[in-house]
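Engineer:
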Amino acid sequence: MRVAVKVLRKGRFRALAPPVTVEELAALHERAALALLGFGVTLPVFLAPGHLSSPRLSDLALVFALPMIVTRWRRSGRGLRGFCLASVVLLLLTPLLQMVRIGQTPNLPDVVFWSRWIAAVVAATAVAHAVVTDRRRRRLFFLAMTAGAACHLATYGLLEVMGRAGLEVVGLASPRAALTTAAAQARITTVAEHPNAAMALIGLAVPACLAASAKAMERRLLLYLGAGVVLVGFVCTLSRGGTLAAALAILVWLIIRMRRADGRNPLEFLILTCLLAGAALVDQVMGGVIDVARFAARFDVLRLDENISGRAETWMRALGFIANHPLGVGWSSPQELGPFRGLTVSHNGYLFMARTVGVAAAVGLLALHVRSALKLDVFAPLAVFVLVMMCSEDLTQGASFIFIACLTAALAFRRRAA
0 MRVAVKVLRK
10 GRFRALAPPV
20 TVEELAALHE
30 RAALALLGFG
40 VTLPVFLAPG
50 HLSSPRLSDL
60 ALVFALPMIV
70 TRWRRSGRGL
80 RGFCLASVVL
90 LLLTPLLQMV
100 RIGQTPNLPD
110 VVFWSRWIAA
120 VVAATAVAHA
130 VVTDRRRRRL
140 FFLAMTAGAA
150 CHLATYGLLE
160 VMGRAGLEVV
170 GLASPRAALT
180 TAAAQARITT
190 VAEHPNAAMA
200 LIGLAVPACL
210 AASAKAMERR
220 LLLYLGAGVV
230 LVGFVCTLSR
240 GGTLAAALAI
250 LVWLIIRMRR
260 ADGRNPLEFL
270 ILTCLLAGAA
280 LVDQVMGGVI
290 DVARFAARFD
300 VLRLDENISG
310 RAETWMRALG
320 FIANHPLGVG
330 WSSPQELGPF
340 RGLTVSHNGY
350 LFMARTVGVA
360 AAVGLLALHV
370 RSALKLDVFA
380 PLAVFVLVMM
390 CSEDLTQGAS
400 FIFIACLTAA
410 LAFRRRAA
């Protein structure tokens with residue numbers, strides 16, 4: 000076998016030679032894991048179509064990426080290794096303390112929930128080291144994430160062609176996916192079950208595009224691609240939080256450029272002008288079919304005031320519950336929740352995490368996200384995006400955003416990256 004491989008490597012079919020060493024197999028697995036994880040995070044396809052509790056592609060990607068920690072562990076710094084060990088210990092002890100206090104035996108939803116968190120922490124530690132130290136790995140991972148966001152957005156077009164039933168068959172739509180209306184505002188969902196959650200995944204295209212390339216011109220072009228994906232995503236989901244998070248990520252990147260004195264390139268303003276002119280031309284060609292009132296309603300002052308008041312009331316209720324249960328109550332504890340079971344929405348990922356995983360884990364995650372954002376480097380837009388989205392929606396539920404939250408926390412231990 001080795002002789003055949005050597006012959007292939009010396010000949011014209013060098014690319015066909017299979018990997019034979021442990022290092023080569025590990026490198027091949029790492030590239031495949033990064034590509035699958037990046038793509039699966041933003042396009043969490045149902046692995047068992049039609050089943051609401053089906054595992055997603057992001058769950059499979061997490062499990063597939065776990066062996067990366069073996070090859071990356073020794074090369075990781077003390078801070079990153081300490082983060083991984085402390086997080087795993089905390090995530091193992093917390094459910095045990097919860098069960099002792101509540102007097103409840105673990106059930107399947109709880110086991111899945113805690114296992115997902117532990118897998119996300121371990122995988123995020125390895126991925127963080129890979130994307131910080133290796134630009135090729137970084138490019139692969141974030142381009143895969145961008146591709147997943149674009150494909151997620153494409154499911155909205157497929158929804159018009161195939162319908163929800165057709166998308167469900169291939170795992171590209173949840174049984175809860177629908178064209179929903181709230182106050183006469185149409186909002187679409189497919190793979191994600193809520194418009195805000197969908198926009199959180201689609202909006203990752205912006206920080207992913209900014210982190211994917213080290214070349215200035217390529218990064219600008221990718222940024223326009225990510226911004227275009229976000230704008231079309233807003234048209235479909237009408238999610239203000241995701242759009243604001245993407246806009247702030249771009250703003251942070253502009254601040255970083257100003258600090259580095261990169262200067263302004265007239266070409267990017269020319270491209271942006273052409274894009275805006277092209278959008279206006281398409282609107283005219285289509286006869287002005289874009290419903291401006293539909294978008295304006297999302298920024299109506301009275302509705303915004305009602306939304307903020309409702310969220311503030313929900314936050315206060317969640318804080319009251321957390322004060323009585325600082326260790327959290329896990330994913331499903333009906334005996335402990337009682338009448339609060341029907342009020343499980345927190346409208347804040349950190350509050351939701353404090354209510355389920357515990358206050359210590361939530362505060363630690365928030366502190367690491369802030370620290371990651373303050374680095375003001377190529378990964379800072381991702382941290383800002385995650386901070387804004389976590390403050391606006393209960394996103395620490397599925398594997399996709401649990402992993403992104405853990406990855407952002409792990410990136411807090413990096414040195415400033417170019």
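Residue 370 in numbering that gives the first Met the number 0 sits at position 371 of the sequence shown; the count goes up by one each step and never skips. Glycine is no exception: its CB is placed at the ideal position from the N, C-alpha and C atoms.
(1) Using alpha carbons as the reference points, say which of 208, 20 and 409 lies closest to residue 148.
(2) Determine the closest residue to residue 252 out of 373, 355 and 192, with distance taken between C-alpha atoms.
(3) Three-state secondary structure (DSSP) at residue 74?
(4) Would you decide whether residue 249 is buried or exposed? Buried here means 16 or more other CB atoms lie within 10 Å of its CB.
(5) Mind checking which residues open and close the alpha helix (DSSP H) that includes residue 154?
(6) Can you tell me the Cα-Cα spacing of residue 145 and residue 404, whole angstroms?
(7) Check residue 38 in the structure and name its three-state DSSP category.
(8) Helix, strand or coil: how does DSSP classify residue 55 here?
(9) DSSP on residue 412, reduced to helix/strand/coil?
(10) Measuring alpha carbon to alpha carbon, tell me which residue in 50, 74 and 218 is nearest residue 175.
(11) Can at least three beta-carbon pairs, one atom from the segment 211-227 and one from the segment 155-169, be found at a separation below 8 Å?
(12) Pick helix, strand or coil for residue 402, following the three-state DSSP scheme.
(13) Using CA coordinates, which residue listed in 63, 22 and 47 is at the minimum distance from residue 37?
(14) Quick test of the definition: if touching needs 3 or more C-beta pairs under 8 Å, does the segment 189-205 touch the segment 384-395?
(15) From the DSSP secondary-structure annotation, give me the bridge partner or partners of residue 45.
(16) Would residue 217 be called buried (16 or more neighbouring beta carbons within 10 Å of its own) or exposed?
(17) Indicate the three-state DSSP secondary structure (helix, strand or coil) for residue 116 in the structure shown.
(18) Alpha carbon to alpha carbon, how far is residue 370 from residue 345? Give it in angstroms, no decimals.
(19) Where residue 205 and residue 228 are concerned, what is the direct C-alpha to C-alpha distance, given to the nearest angstrom?
(20) Does residue 323 pass the burial test, meaning 16 or more other C-beta atoms within 10 Å, or should it be called exposed?
(21) Relative to the alpha-carbon of residue 43, which residue among 409, 401 and 406 has its alpha-carbon at the smallest distance?
(22) If we count the other Cβ atoms within 10 Å of its Cβ and call it buried at 16 or more, is residue 99 buried or exposed?
(23) Ignore the nearest five residues each way along the sequence and tell me which others in residue 97's own chain have a CB closer than 7 Å to its CB.
(24) Report buried or exposed for residue 188, applying the criterion of at least 16 other Cβ atoms within 10 angstroms of its Cβ.
(25) Might you give, ordered along the chain, the residues of its own chain that have their beta carbon closer than 7 Å to the beta carbon of residue 383, omitting 5 neighbours on each side?
(26) Give me the residue from 93, 125 and 129 with the minimum Cα distance to residue 423.
(27) Flag this pair as yes or no: are the beta carbons of residue 412 and residue 79 separated by less than 8 Å?
(28) Below 8 Å on the Cβ atoms is my guess for residue 231 versus residue 152; work out the distance and round it to an integer in Å.
(29) According to DSSP, simplified to helix, strand and coil, what is residue 341?
(30) Pull up the distance between the alpha-carbon of residue 354 and that of residue 126, whole angstroms please.
(31) Please classify residue 348 as buried or exposed, where buried requires at least 16 neighbouring CB atoms within 10 angstroms.
(32) If we call anything under 8 Å between Cβ atoms a contact, is residue 245 one with residue 202?
(33) Does DSSP put residue 97 in a helix, in a strand, or in coil?
(34) Please report the distance separating the alpha-carbon of residue 95 from that of residue 110.
(35) Got a sec, what are the start and stop residues for the alpha helix (DSSP H) residue 438 sits in?
(36) On the criterion of 16 or more Cβ atoms from any shown chain inside 10 Å, does residue 366 qualify as buried, or is it exposed?
Structural biologist: Based on what the coordinates show:
(1) Against the sequence shown, residue 148 aligns to sequence position 149. The candidate whose alpha carbon is nearest that of residue 148 is 208.
(2) Start at 1 with the first residue of the sequence shown, and residue 252 comes out as number 253. Here the closest residue by C-alpha is 373.
(3) If you number the sequence shown from 1, residue 74 lands on position 75. Under the three-state reduction of DSSP, residue 74 is assigned to coil, being neither helix nor strand.
(4) For the purposes of this step, residue 249 is taken as residue 250 along the sequence shown, with counting starting at 1. Burial check for residue 249: the Cβ neighbour count within 10 Å reaches 16 or more, so the residue is buried.
(5) What you label residue 154 is simply residue 155 of the sequence shown in a count that begins at 1. 134-168 is the span of the alpha helix (DSSP H), which, as asked, contains residue 154.
(6) Start at 1 with the first residue of the sequence shown, and residue 145 comes out as number 146. Start at 1 with the first residue of the sequence shown, and residue 404 comes out as number 405. Here the alpha carbons of residue 404 and residue 145 stand approximately 17 Å from one another.
(7) Position 39 of the sequence shown, counted from the first residue, corresponds to residue 38. Judged by DSSP in its simplified three-state form, residue 38 adopts helix.
(8) For the purposes of this step, residue 55 is taken as residue 56 along the sequence shown, with counting starting at 1. DSSP places residue 55 within a strand segment (E or B) once states are collapsed to three.
(9) Here residue 412 refers to the residue found at position 413 when the sequence shown is read from its first residue. Correct three-state label for residue 412: helix.
(10) The residue labelled residue 175 in the question sits at position 176 within the sequence shown. Of the listed residues, the one whose Cα sits closest to residue 175 is 50.
(11) Too few Cβ pairs lie closer than 8 Å, so no.
(12) In the sequence shown, the residue the question calls residue 402 occupies position 403. DSSP places residue 402 in the helix class (H, G or I) of the three-state scheme.
(13) The residue you call residue 37 lines up with position 38 of the sequence shown. Ranking the options by Cα distance to residue 37, first place goes to 63.
(14) Yes, the segment 189-205 is in contact with the segment 384-395.
(15) Along the sequence shown, read from residue 1 onward, the residue named residue 45 stands at position 46. Checking the DSSP bridge columns, you'll see residue 45 partnered with 55.
(16) The sequence position of residue 217 within the sequence shown is 218, counting from 1. Exposed, since its Cβ has fewer than 16 Cβ neighbours within 10 Å.
(17) Position 117 of the sequence shown, counting from 1, holds the residue named residue 116. Three-state DSSP puts residue 116 in a helix.
(18) Walking along the sequence shown from the start, residue 345 turns up at place 346. Walking along the sequence shown from the start, residue 370 turns up at place 371. Going by C-alpha positions, residue 345 is about 24 Å away from residue 370.
(19) What you label residue 205 is simply residue 206 of the sequence shown in a count that begins at 1. What you label residue 228 is simply residue 229 of the sequence shown in a count that begins at 1. Rounded to the nearest angstrom, the two C-alpha atoms are 8 Å apart.
(20) As a working mapping, residue 323 is identified with position 324 in the sequence shown. Label assigned to residue 323: exposed.
(21) Translated into positions along the sequence shown, residue 43 becomes position 44. Ranking 409, 401 and 406 by Cα distance to residue 43 puts 401 first.
(22) As a first step, residue 99 must be located in the sequence shown, where it is residue number 100. Taking every protein chain shown into account, the CB of residue 99 has fewer than 16 other CB atoms within 10 angstroms, so this residue is exposed.
(23) In the sequence shown, counting from the first residue as 1, residue 97 sits at position 98. Answer for residue 97: 326, 327, 328 and 329, listed in chain order.
(24) As a first step, residue 188 must be located in the sequence shown, where it is residue number 189. Residue 188 is classed as buried because its beta carbon has at least 16 other beta carbons within 10 Å across all chains shown.
(25) For the purposes of this step, residue 383 is taken as residue 384 along the sequence shown, with counting starting at 1. Around residue 383, the same chain offers 247, 248, 251 and 372 as residues with beta carbons nearer than 7 Å, after the five sequence neighbours per side are excluded.
(26) The chain is shown from 0 up to 417; residue 423 falls before or after that span and cannot be answered.
(27) Taking the sequence shown and counting its residues from 1, one reaches residue 412 at position 413. Taking the sequence shown and counting its residues from 1, one reaches residue 79 at position 80. Yes.
(28) Locating residue 231 in the sequence shown gives position 232, where the first residue counts as 1. Locating residue 152 in the sequence shown gives position 153, where the first residue counts as 1. Between residue 152 and residue 231 the Cβ distance is about 6 Å, and since that is below 8 Å, they are a contact.
(29) Walking along the sequence shown from the start, residue 341 turns up at place 342. Residue placement at residue 341 is poorly supported in this model, since its pLDDT is 43, which falls under 50; the coordinates are not used for a value here.
(30) Stepping through the sequence shown from its first residue, residue 354 is reached at position 355. Stepping through the sequence shown from its first residue, residue 126 is reached at position 127. Near 27 Å, if we compare the C-alpha coordinates of residue 126 and residue 354.
(31) Indexing the sequence shown from 1 puts residue 348 at position 349. Classification for residue 348: buried.
(32) In the sequence shown, counting from the first residue as 1, residue 245 sits at position 246. In the sequence shown, counting from the first residue as 1, residue 202 sits at position 203. Judged by beta-carbon spacing, residue 202 lies within the 8 Å limit of residue 245, meaning their Cβ atoms are closer than that value.
(33) Here residue 97 refers to the residue found at position 98 of the sequence shown. In the structure shown, residue 97 adopts helical secondary structure according to DSSP, grouped into three states.
(34) In the sequence shown, counting from the first residue as 1, residue 95 sits at position 96. In the sequence shown, counting from the first residue as 1, residue 110 sits at position 111. Across the structure, residue 95 and residue 110 are spaced so that their CA atoms are roughly 11 Å apart.
(35) Nothing about residue 438 can be reported from this structure: the residues present for the chain run from 0 to 417 only.
(36) Within the sequence shown, the letter at position 367 stands for residue 366. Exposed, since its Cβ has fewer than 16 Cβ neighbours within 10 Å.
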